[in-house]
Every structure is written in C-alpha cells, then in structure tokens.
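J.: One line per chain: the protein sequences are A and B, in this order. Numbering follows this note's numbering, in which position 191 of the first sequence is assigned residue number 191; successive positions increment by one, without gaps. Numbering follows this note's numbering, in which position 39 of the second sequence is assigned residue number 496; successive positions increment by one, without gaps.
Protein chains: 2
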Amino acid sequence: MEIKKLNEKYKDFIGKSVTVCGWIKNHRTSSNVGFIDFNDGTGFKGIQLVYSKDNENYESLSHLRVGSALRVTGIVRESDGEKQAFEVEIESYILEGDAQEDYPIQPKRHSREFLREQAYLRPRTNLFNAVFRIRSLASFAIHEYFQKNGYMYVHTPILTASDCEGAGEMFQVTTLDLDKLRGVDEIDFSKDFFGKKTGLTVSGQLEAETFAMAFSKVYTFGPTFRAENSNTTSHLAEFWMMEPEIAFCDLEGLMDIEEEMLKYVINYCLENGKEEMAFLDEFVEKGLINKLTKLVKSDFKRISHEEVITILKNADVKWQFAPEYGEDIAKEHEKYITEYFDGPVFITNWPKDIKAFYMKQNDDGKTVRAVDLEVPGIGELMGGSQREEDYDKLVARMHELGMDEHEMEWYINLRKYGTCTHSGFGMGFERLVMYLTGIENIRDVIPYFRTPNNCDF
Amino acid sequence: MEIKKLNEKYKDFIGKSVTVCGWIKNHRTSSNVGFIDFNDGTGFKGIQLVYSKDNENYESLSHLRVGSALRVTGIVRESDGEKQAFEVEIESYILEGDAQEDYPIQPKRHSREFLREQAYLRPRTNLFNAVFRIRSLASFAIHEYFQKNGYMYVHTPILTASDCEGAGEMFQVTTLDLDKLRGVDEIDFSKDFFGKKTGLTVSGQLEAETFAMAFSKVYTFGPTFRAENSNTTSHLAEFWMMEPEIAFCDLEGLMDIEEEMLKYVINYCLENGKEEMAFLDEFVEKGLINKLTKLVKSDFKRISHEEVITILKNADVKWQFAPEYGEDIAKEHEKYITEYFDGPVFITNWPKDIKAFYMKQNDDGKTVRAVDLEVPGIGELMGGSQREEDYDKLVARMHELGMDEHEMEWYINLRKYGTCTHSGFGMGFERLVMYLTGIENIRDVIPYFRTPNNCDF
Numbered sequence: 001m002e003i004k005k006l007n008e009k010y011k012d013f014i015g016k017s018v019t020v021c022g023w024i025k026n027h028r029t030s031s032n033v034g035f036i037d038f039n040d041g042t043g044f045k046g047i048q049l050v051y052s053k054d055n056e057n058y059e060s061l062s063h064l065r066v067g068s069a070l071r072v073t074g075i076v077r078e079s080d081g082e083k084q085a086f087e088v089e090i091e092s093y094i095l096e097g098d099a100q101e102d103y104p105i106q107p108k109r110h111s112r113e114f115l116r117e118q119a120y121l122r123p124r125t126n127l128f129n130a131v132f133r134i135r136s137l138a139s140f141a142i143h144e145y146f147q148k149n150g151y152m153y154v155h156t157p158i159l160t161a162s163d164c165e166g167a168g169e170m171f172q173v174t175t176l177d178l179d180k181l182r183g184v185d186e187i188d189f190s191k192d193f194f195g196k197k198t199g200l201t202v203s204g205q206l207e208a209e210t211f212a213m214a215f216s217k218v219y220t221f222g223p224t225f226r227a228e229n230s231n232t233t234s235h236l237a238e239f240w241m242m243e244p245e246i247a248f249c250d251l252e253g254l255m256d257i258e259e260e261m262l263k264y265v266i267n268y269c270l271e272n273g274k275e276e277m278a279f280l281d282e283f284v285e286k287g288l289i290n291k292l293t294k295l296v297k298s299d300f301k302r303i304s305h306e307e308v309i310t311i312l313k314n315a316d317v318k319w320q321f322a323p324e325y326g327e328d329i330a331k332e333h334e335k336y337i338t339e340y341f342d343g344p345v346f347i348t349n350w351p352k353d354i355k356a357f358y359m360k361q362n363d364d365g366k367t368v369r370a371v372d373l374e375v376p377g378i379g380e381l382m383g384g385s386q387r388e389e390d391y392d393k394l395v396a397r398m399h400e401l402g403m404d405e406h407e408m409e410w411y412i413n414l415r416k417y418g419t420c421t422h423s424g425f426g427m428g429f430e431r432l433v434m435y436l437t438g439i440e441n442i443r444d445v446i447p448y449f450r451t452p453n454n455c456d457f
Numbered sequence: 458m459e460i461k462k463l464n465e466k467y468k469d470f471i472g473k474s475v476t477v478c479g480w481i482k483n484h485r486t487s488s489n490v491g492f493i494d495f496n497d498g499t500g501f502k503g504i505q506l507v508y509s510k511d512n513e514n515y516e517s518l519s520h521l522r523v524g525s526a527l528r529v530t531g532i533v534r535e536s537d538g539e540k541q542a543f544e545v546e547i548e549s550y551i552l553e554g555d556a557q558e559d560y561p562i563q564p565k566r567h568s569r570e571f572l573r574e575q576a577y578l579r580p581r582t583n584l585f586n587a588v589f590r591i592r593s594l595a596s597f598a599i600h601e602y603f604q605k606n607g608y609m610y611v612h613t614p615i616l617t618a619s620d621c622e623g624a625g626e627m628f629q630v631t632t633l634d635l636d637k638l639r640g641v642d643e644i645d646f647s648k649d650f651f652g653k654k655t656g657l658t659v660s661g662q663l664e665a666e667t668f669a670m671a672f673s674k675v676y677t678f679g680p681t682f683r684a685e686n687s688n689t690t691s692h693l694a695e696f697w698m699m700e701p702e703i704a705f706c707d708l709e710g711l712m713d714i715e716e717e718m719l720k721y722v723i724n725y726c727l728e729n730g731k732e733e734m735a736f737l738d739e740f741v742e743k744g745l746i747n748k749l750t751k752l753v754k755s756d757f758k759r760i761s762h763e764e765v766i767t768i769l770k771n772a773d774v775k776w777q778f779a780p781e782y783g784e785d786i787a788k789e790h791e792k793y794i795t796e797y798f799d800g801p802v803f804i805t806n807w808p809k810d811i812k813a814f815y816m817k818q819n820d821d822g823k824t825v826r827a828v829d830l831e832v833p834g835i836g837e838l839m840g841g842s843q844r845e846e847d848y849d850k851l852v853a854r855m856h857e858l859g860m861d862e863h864e865m866e867w868y869i870n871l872r873k874y875g876t877c878t879h880s881g882f883g884m885g886f887e888r889l890v891m892y893l894t895g896i897e898n899i900r901d902v903i904p905y906f907r908t909p910n911n912c913d914f
C-alpha cells in the first residue's frame, strides 16, 4: 500500500500485515535493533521500519544501504518513539534495487549547488520533495481555479514565426544542417522545416487573445522561452507561464481576478501541502506560512504609478535610483511601496514608453492601462493590462515603435472583427513557486533548469 | 452576466433586466422584428436577442453585422419560439466593436480547409467552439485524474541536449547567428547559448523516470516536438503529450491505470461537455456518444503480440501486409483486432527489435514488456512498457543498438541507485481529442497547427 495512505489510516492496520514499497532514507542499528526511515514519496512523511536480532534476515537487513529500494511486508505496531505513532516490524522483504556505495544522496545536509549538479537525484531529498510537490499542487490549483470559473484552457503554440515582444531574446529553431551553411551565400529559409525563420515563443498572449474573442474567458499555461544571457537567481531560459485573457473585462475587473486567483492558489497549497509547508517554514523561510496566510487575508491596494512616484519622492530615503514620473521603478522602490502599504499593491496606469505596444492607451496620451502586482518579499509577481481594442490607435502605436503591422495582420484584425474591451495578465510560474516555498534561487524550483551554458539532463 | 449562467438560470430572471456581452452569430429581421443569435462563448449555447420597431434604436440595431461585439441590456421574456425557452428583449446596447464587411466567419458552412487558413477566427464557429472546449475539458480531466490519485505533476524540460529516441527527428535550437556561420571552418557550439548542441524534446519520459524514483507516481503533460517531414492527417511537428511514470508498478498494473484513466477522461467530457458532445454527435460523427459510452462500459482485452499474430494469420482476410511473428502490425491489423474483440485491446510483449531500448526484456530473449492500447476507430492510442530496471541488461541493450551510454549516464544511474520495477506510458493528446470529437484531421484539434511549411499565427 502507499505510504501516504498508511500514514493517514495506520490505526486501521495496527496488528495487521501490510506490504509497502519505497526507498531507505536513513538506516541505523543499536543493540540488536535496526531502524529504517522509509518512504515511497507518495507523501512528504515516511514511516519507520524496525527489525531485531530475532528476524532471520537480521544480518542482510543490517547491511542495507541508504537509497536502496525495498518491497517490505511487516506488521503495523504502535510505537513508543517520540517521532512516530507507529512503525512497521519487518517480516520479510525483497531488495528491489541496491544503492551502490557512491550514492550521492546521503542522510546529511547537501549544498544546493551540489544538488543542482545531481538534479536527477535531488527530488529524493526532503527539501526538493517539498518544493516539487508544492509546484505540482500550485499547477493544479491554477487549472482548478480557471476551470471552476468557466475559463477555457488553450494550448497556445510554442513554435512561432512572430517575434513581437522578445526582440533579440528568441531562440531560433531549425532543421537546416548548420554544417552545410558554411559554404552558402545566403541562407534559404524556404528550405527550413517551416519554410521560414521560426523560434520559440516568448508569450502566448497574442494567440490567447484570439481565443478570448471566441470564448470570452481563456487561459494558457505552458513553457515559455527567453534567450537572455542573464545568470541571475531569477532568470531562466525555459520557464512556465500562465496567461489568462478575458473579453468584456476592464482593468478593474482584471485586478479582481488576479487577486482572487492568487489567493485561491495559495490557499490550495496551504490546505493540500500542510507537511511540505511546515517543513519549508521550519528549514527554508521562517514565517513562510504566516506570510502566505497574511496575504490571503489582505486586501490588495490599488494605486497609480504617478501616486507611487509621489510617495517615493516624499519618502525619507536616500534612493540608489531616483524615482521619476514617466520612468520605471527599481527593486528598491518595489520593496518600499509594499512595505509602505504592508501588503500587495497593484500599480496601475504606467508610462506608455516603458510598456508593450498592445496596452490600452489612456486619454492623457502618456500612460497605458497596465497593471503590475507588487508583492512583499518577491516584488513583481504578475503583469497585465487592458488591451488596446481600437484598430487605429493600435496600428498608430505600432508605427511609432517601428513595428511592421503586416507581420501581425491576424492580431490587429481582431480589432476589425468584433473588437471589445478585454484584458489579461501573465504570471511567471517559477516566481510564484519561489514565493510559495521561500526558495531564493529560481534554479531550485524547476525540475531541470536551463540557463546560459546549462542544459543538462 | 455570462450567457452560460443566464441559460442555466433564466427562470430566475424572467421579467427582469439583465446585461449581457457577446458577439452576433446570426441576425435576421422580419416584419418589424429583429432576431439576433448572440453568444459570449462561455457556453456552447447562445441566446436570442429580439427588438422591434418600437425600439428607438430599431434602425441602427437592424444594421448590426454578424461578428460585431455588443453590450446589451434587456428584459428576459419567455419565448414562443421552438428553439429557445426565453429571449432577451433589447432595451439599450453599446456597440463594442463592429465587424467589418469582409468578416470571414459568416453564418454558413465553411470548409475546414478555409477555416485552417483563418485559424485565428475559427474558434468562433460552432464546430471549433465544441472541439476546443472538449480539448480543454479533457486536459483538465487528465490533471484531475492524476492529482486525485496522488500523482505529482512534473514539468519535464523542453530544451534538451540528449536525443535518445528521436534520432534525426529533432528540431535544433540555437542562438548562433546563422548568417555568420557562412565563413567558419567548423561550428563552435561552445559559443551557442547552452554551450552545446541542443534541441526540442521528443519525450519527457526519461526525466519523468527520475522523478518517479522519488515520488513513485508522477506524470508529465506538455508540448513535444518531431521534425518529421510527414504531411498526413495524423502528424504534427508540435503536439501535446501526457506521460505518467509509476514506481513499483509492473505491466499489469500499468494497464489497469491506462484503462481507468481513459475511462475517467471520457466520462468527464461526456458529463461536462453535454452540449458540445451532442453537436459533435449530430454534425461530425454520428454515434459518437454511443461509441464513447460503450468504451467506458467495456473491459479492455489483454493479449500478447504473439497471440495477435496467430489470430491475424488465421483470419480469412487477404492482407495488404502479411502479419508476421517478430514484426510490427499494420493499420489493417489494428483495425481487425479491435473489431475481432469488439472493443479496446491491450497488446503486450512485443518483439524487442521494433521497440525502444529502455523496455524490460523478457526471459525469452525475443520480446519486451511493452504494451500498446488499440482502440476501435482510432488505432493505437497509448504506448507504454515496464522499464528495464537492470543496469547490466540496459547497458547491454544500448550497446547492441550502438548507443553511447555515457551521454545518458544520469538515466542509467537510476539503475545503480535504488532501482525498482517501474512502468509508464505515453498518450498523444491530440489523438485523444480526435477520438473524443470525431474530428479526422489532427490540424483541427489543436489551436494552431505546426506542420511542414506551416507555422502561421
């Protein structure tokens, strides 16, 4: 039986024989008794196996190594130990797979750097067991929130020929034989797989908009790519992004959705990942659960970029970067403003020159109906906007930015064929998992990280 | 309010004023009365708006074009019409966005070929509305099945440096400036983004196995790529695949899971997509609902490849391809065998030479513990196997196949560090959606299809 279920229902099995499978997490013997910490990973918490000299296999049992896989049959007994309510007294076992002596994951503290090099083994540690389970729960919570609320999940394409947002940050995809390019005068992309230059998407938003014009409420959730040469603790070349898009929804409505969704996902993880959260609270970020619970109970502040700059200018702080109307805000400003309001802050109506072409222009000619959600301790968690639904304004803005509207005819045509008020946002999923787990390096919240010069496993 | 909700609860609103947003699907006037078929896409079924000469906006209303987006306030009235129980009598409206005269999606039958060219508009048709909603429901059903049953969702990487299965079918990913390659003697991949040659994954299985060795029960569900130059109705260069991997599970256990999961997903779509299914049953595949209901109620047959060949050889059929022990089976054989058993058939223990290196070798030296699920009307829907958990046998098989085990050291190391009986399968998600919807061309079950020379939108 699964160890998670045995932990939940052990009382029904006291005195009875059970068969469990799993791996040895720790193994110690003392005066004729052996104790094995054992888990199959179905839950965070394992069980204790015990055996004594009376067991005919005592000798072979006592030599079992950490990391080995066993199939064990034994009797469930109430335990006197402080750490567990019950234990399983081994009657018989099968060694499914030994762990060789050089098994790297020993029951001691390993550095995260070391574990990154052993990324294929690190989910076997308590830390990564907790992190990746929270990741899985948060993924499902996102799906559940949107499905319950009538959204359509749309798989926007990964391969794309348009590069509207990620100028210069797009991975190119090809089936051309690069070796054979060495002799040619000009590269003939008509001979490439798709007959033209293609790359990996930097956002599914534009395609999601086409579906919002049919289903009103849609979301994408999938991998996204940036070929940005950044070796920081917060950048990945491959990451997951969640992007809802909602027709007949303005910026106020969008903020309602962002707030409700975030609270839903956090609540889901707190309720369904109790043991993992308790572990992370104890060993990774003290106060993690309080931080998350506080956020769920808070009302998110809504304030314009202009008001934020005024607050920053009036603050009695010596800024590294002087806050300015019409400019972006720095990390130190984000931090100050979330502390100022002691909670999450939606900052709206940003200067148009620092935001994307598709955002709805305000009448002032200077700002757009963009919104960033700033969260204490993590900074920007979501970025969204009401979209420019006016054909002429959209095309004019593209011209101002030197964009060729013909390459995106399908996108701007949405404004010719039943355009409407609509809004959407994006949330980098790893950023959320970092917030949920307290993990500070983005490499440690994704199974296999891809960064400059790292594409292992 | 959302039109889906109004349809569900219209009785509560009879005689009351409501505001709805959506698009005009059809518009006709007759003797001083106008009728508008109206939907926001939140559900399959729309509503009818009516207005008469008494409306001060009669003139402008009567000129509204199909495809236009409106925000309408009106009174809910019981309707005398046969097609609807209620209608909304327009009091006032705002034209959110006109549809220009050249709007391609008119209320008539469009060919699927035409709609592929207009892929960004096709979700607005009834057909694609139904198909993409079933796709969304099936996606969620997969997540819900696995999460309810204690599986961990693992996001296996898309970018990868290993190409174990898809020799020659892998898209290459690069940030090298291809133009600059023209002068060089040798391509220096150490200067590429990842410092080596990388491509797009053809399967997440191997990485999923690493997580199964920590969590016991995991699944991946994400985009997968094949640079196969196939222009058929069943191949895509980019498609979604679902791959569970389960530790301490043998081939029999795997088949139990496959059967249970498939039935769960089908039931979920039948229950949550009633209107869509009824439409698809009427207009796409007559008998679709019966077909699906029958499958859910059936017990899947389990039979070995050898037995299948014997049945085929004994059949009174003139085969285009003669069935042979030790060889793969053809489409005509798949069809025969599902008809022979009048239901889904698991075919097990395939000749090892036509299956992948990682499958568990049987003692006969000839076969592996692979299983394909053959389903009436669609053929192979899932492919899986018990994995070879023995280090020596796995490496020996890799050598036989001329593979370099050093490139996959992490994968074969799983057999050194607590290896165990484990199994998994893969299901091409589009294949499932085709089966669920009756759609015969794979291009019509994915939002934006990628095939040779097609990478639009």
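Note that beta-carbon positions come from the ideal geometry of N, C-alpha and C, so glycine has one too.
For B/Lys-770, which residues in the same chain have their Cβ closer than 7 Å to its Cβ, ignoring the five residues on either side in sequence?
T.: So the qualifying residues of the chain are Pro-780.
J.: Since I believe A/Glu-243 is in contact with A/Phe-300 (beta carbons under 8 Å), could you give me their beta-carbon distance rounded to a whole number of angstroms?
T.: Wrong, their Cβ atoms sit about 20 Å apart, outside the cutoff.
J.: Please classify A/Phe-114 as buried or exposed, where buried requires at least 16 neighbouring CB atoms within 10 angstroms.
T.: With fewer than 16 Cβ atoms within 10 Å of its Cβ, A/Phe-114 is classed as exposed.
J.: Taking one C-beta from the segment 424-443 of chain A and one from the segment 133-146 of chain A each time, how about it: are there three or more such pairs within less than 8 Å?
T.: Result yes; three or more Cβ-Cβ pairs closer than 8 Å.
J.: Can you tell me where the alpha helix (DSSP H) holding B/Gly-1002 begins and where it ends?
T.: Since the first residue of chain B shown is 458 and the last is 914, residue 1002 of chain B is not available in this structure.
J.: Consider the Cβ of B/Asn-877: report whether some Cβ of chain A lies at a distance smaller than 7 Å.
T.: The identity of residue 877 of chain B in the sequence shown is Cys, whereas the question assumes Asn. True, the Cβ-Cβ gap to chain A drops below 7 Å.
J.: To the nearest angstrom, report how far apart A/Ile-14 and A/Glu-87 are at their CA atoms.
T.: Distance between the alpha carbons of A/Ile-14 and A/Glu-87 is about 9 Å.
J.: At a Cβ threshold of 7 Å, is A/Lys-416 touching chain B?
T.: Cβ-Cβ to chain B under 7 Å: yes for A/Lys-416.
J.: Cα-Cα, which of A/Gln-118, A/Ser-190, A/Thr-201, A/Leu-181 is closest to A/Thr-156?
T.: Among A/Gln-118, A/Ser-190, A/Thr-201, A/Leu-181, the Cα nearest to that of A/Thr-156 belongs to A/Thr-201.
J.: Taking the Cβ atom as the reference point for each residue, do B/Ala-704 and B/Cys-877 lie within a distance shorter than 7 Å?
T.: Yes, the Cβ-Cβ distance between B/Ala-704 and B/Cys-877 is below 7 Å.
J.: Along chain A, in chain order, which residues have C-beta atoms closer than 7 Å to that of B/Glu-459?
T.: The contacting residues are Gly-150.
J.: Less than 7 Å between CB atoms is the rule here; does A/His-305 satisfy it with respect to chain B?
T.: No, because no Cβ of chain B sits closer than 7 Å to the Cβ of A/His-305.
J.: Should A/Gln-100 be flagged as near chain B, meaning a C-beta pair shorter than 7 Å?
T.: Yes - at least one Cβ of chain B is within 7 Å of the one on A/Gln-100.
J.: Report the partner residues of A/Tyr-153 according to the DSSP bridge assignment.
T.: Paired residue(s): A/Tyr-219.
J.: Measuring only between beta-carbons, confirm whether B/Gln-629 sits less than 7 Å from chain A.
T.: With 7 Å as the cut-off, B/Gln-629 counts as an interface residue toward chain A.
J.: So the alpha helix (DSSP H) A/Arg-112 belongs to, where does it begin and stop?
T.: Looking at the DSSP string, the run of the alpha helix (DSSP H) that includes A/Arg-112 is 112-117.
J.: If you measure from the beta carbon of A/Gln-361 to each beta carbon in chain B, is any gap under 7 Å?
T.: Cβ-Cβ to chain B under 7 Å: no for A/Gln-361.
J.: Alpha carbon to alpha carbon, how far is B/Val-650 from A/Asn-453?
T.: Position check: residue 650 of chain B holds Phe in this sequence, whereas Val was assumed. Those two C-alpha atoms are separated by around 6 Å.
J.: Please return the same chain residues whose Cβ sits closer than 7 Å to the Cβ of A/Leu-381, not counting the five positions on each side in sequence.
T.: Taken in chain order, the residues that qualify are Leu-373, Val-375, Met-427, Arg-431, Leu-432, Tyr-435.
J.: Taking C-alpha atoms, which residue in B/Gly-498, B/Ala-542, B/Phe-495 lies nearest to B/Tyr-467?
T.: The residue with the shortest Cα to Cα distance from B/Tyr-467 is B/Ala-542.
J.: What residues from chain B crowd round A/Asp-179, counting only those whose CB sits closer than 8 Å?
T.: Correct list: Ile-644.
J.: Check for me: the beta strand (DSSP E) holding B/Asp-829 runs from which residue to which?
T.: That run of the beta strand (DSSP E) goes 824-832.
J.: Does DSSP put A/Phe-321 in a helix, in a strand, or in coil?
T.: Three-state result, A/Phe-321: coil.
J.: Verify whether the separation of the beta carbon atoms of A/Tyr-103 and B/Tyr-874 is less than 7 Å.
T.: In this structure, B/Tyr-874 lies closer than 7 Å to A/Tyr-103 by Cβ.
J.: Could you check whether A/Glu-89 and A/Gly-67 sit closer than 7 Å to each other, using their CB atoms as the reference points?
T.: Not closer than 7 Å, so no.
J.: By the three-class DSSP mapping on this structure, what secondary structure does B/His-856 have?
T.: Helix at B/His-856.
J.: Return no unless some Cβ of chain B is closer than 7 Å to the Cβ of A/Cys-249.
T.: False, the Cβ-Cβ gap to chain B never drops below 7 Å.
J.: Using Cβ-Cβ distances below 8 Å, what residues of the segment 659-687 of chain B are close to chain D?
T.: This model lacks chain D altogether, as its protein chains are A and B.
J.: I'd like to know if A/Tyr-435 contacts chain B, where contact means its C-beta is closer than 7 Å to some C-beta of that chain.
T.: Answer no: the Cβ-Cβ gap between A/Tyr-435 and chain B never drops below 7 Å.
J.: B/Ala-618 and B/Lys-648 look like a contact to me (Cβ under 8 Å); what is the Cβ gap, rounded to whole Å?
T.: With 8 Å as the limit, B/Ala-618 and B/Lys-648 do not qualify as a contact, their Cβ atoms being about 15 Å apart.
J.: What's the C-alpha gap between B/His-790 and B/Asp-773?
T.: Between B/His-790 and B/Asp-773, the C-alpha separation is close to 12 Å.
J.: I'd like to know whether the C-beta of A/Arg-182 is nearer than 7 Å to at least one C-beta of chain B.
T.: Yes - at least one Cβ of chain B is within 7 Å of the one on A/Arg-182.
J.: At a Cβ threshold of 7 Å, is A/His-143 touching chain B?
T.: Yes, its Cβ sits closer than 7 Å to a Cβ of chain B.
J.: So which residues of chain A does B/Lys-653 contact, with C-beta pairs closer than 9 Å?
T.: Those within 9 Å of B/Lys-653 in chain A are Asn-453, Cys-455.
J.: Return helix, strand or coil for A/Thr-29, following the three-state DSSP convention.
T.: Correct three-state label for A/Thr-29: strand.
J.: If you check the beta carbons only, do B/Phe-628 and A/Val-173 fall under 7 Å apart?
T.: Cβ atoms of B/Phe-628 and A/Val-173: closer than 7 Å.
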